[in-house]
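Residue numbering for the sequence shown follows our numbering, beginning at 3 and increasing consecutively.
We put the beta carbon where it would ideally sit given N, CA and C, even for glycine.
Below is one structure, written out as structure tokens, with a few remarks after it.
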Amino acid sequence: MIPRTRNPEPVLITCTALLFAAAVYAVFFHAPAERVMGLVQKIFYFHLSCALVAFLSFTTACISGVAYLVSRDLKWDVLGAAAVEIGLVFTTLVLATGMLWGRPVWNAWWTWDPRLTTSLILWFIFAAYFILRAAVEKRQQRAAYCAVMAIAGFVDVPIVFLSARLWRSIHPVVIRADGVNMAPPMLTALLVSLAAFAALWGVLLRRRVRILAMAEQIRILEHRLDREPAQARRARY
3 MIPRTRNPEP
13 VLITCTALLF
23 AAAVYAVFFH
33 APAERVMGLV
43 QKIFYFHLSC
53 ALVAFLSFTT
63 ACISGVAYLV
73 SRDLKWDVLG
83 AAAVEIGLVF
93 TTLVLATGML
103 WGRPVWNAWW
113 TWDPRLTTSL
123 ILWFIFAAYF
133 ILRAAVEKRQ
143 QRAAYCAVMA
153 IAGFVDVPIV
163 FLSARLWRSI
173 HPVVIRADGV
183 NMAPPMLTAL
193 LVSLAAFAAL
203 WGVLLRRRVR
213 ILAMAEQIRI
223 LEHRLDREPA
233 QARRARY
């Protein structure tokens, strides 16, 4: 008798929920309000955490693209597609929370600041990834094209991260060469928030990979049934 393996997902989801509860407490009760921006600065903790998840996702997609081009194993294509989906969602959240934060601070929903502009370019690059994915029917060809695009698109990730240092920017720089420019309670809240979002990323990526893999198997079975002669299907049933 083959022993059943335990599904770790409930444990992962529970840990993620506990981390989010701790993050909410740390952000709103442990970390003090910023002296200039006030309570609106609290958005920053979730804004930066969403950016971390987006960067993790696009890094995973890039590594998966390289792995696919080397091995031609389609499991890497599935992982890359799942990572880009999550990355695109969280890049959207980065842009949205950035606008909510920027409106009372900069008195504008949007400015063509280097950090904002490069983030928007990143969003468009990986939105185009799905246009390419939908346009190519052959699975191996689609996987190869998407792998190349994920690798090329990743080039913008370090540009986004370094943009506030490379060009004149009104965007605050928290992580500097000489350390983190935050008070200890704020840093604690940020680290807890980053941990919560990283755990959420792991749960979402695991779930999305499974869904995409099953969807691909269903598509293959449907394709085989479509190609199977009607007479053979009748004989089998």
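- Excluding the 5 residues flanking it on each side, Val175 has same chain C-beta neighbours closer than 6 Å at Ala166, in chain order.
- Here the stretch 145-159 makes contact with the stretch 121-137; the two share three or more CB pairs at distances below 8 Å.
- Contact annotation, Ser121 with Val96: C-beta distance approximately 6 Å; criterion of less than 8 Å satisfied.
- In the structure shown, the three-state DSSP call for Val86 is helix.
- Rounded to the nearest angstrom, the gap between the Cα atoms of Ser66 and Ala24 is 32 Å.
- Inter-residue distance for Leu192 and Arg209 is about 26 Å (C-alpha atoms, whole angstroms).
- The alpha helix (DSSP H) runs of length 4 or more contained entirely in the stretch 39-118 are, from start to end of the chain, 45-73 and 76-108.
- By the neighbour-count criterion, in which 16 or more other beta carbons inside 10 Å mark a residue as buried, Ile222 falls on the exposed side.
- CA-CA distance, Val194 to His32, rounds to 11 Å.
- Distance from the CA atom of Leu90 to the CA atom of Ala69, rounded to whole angstroms, is 21 Å.
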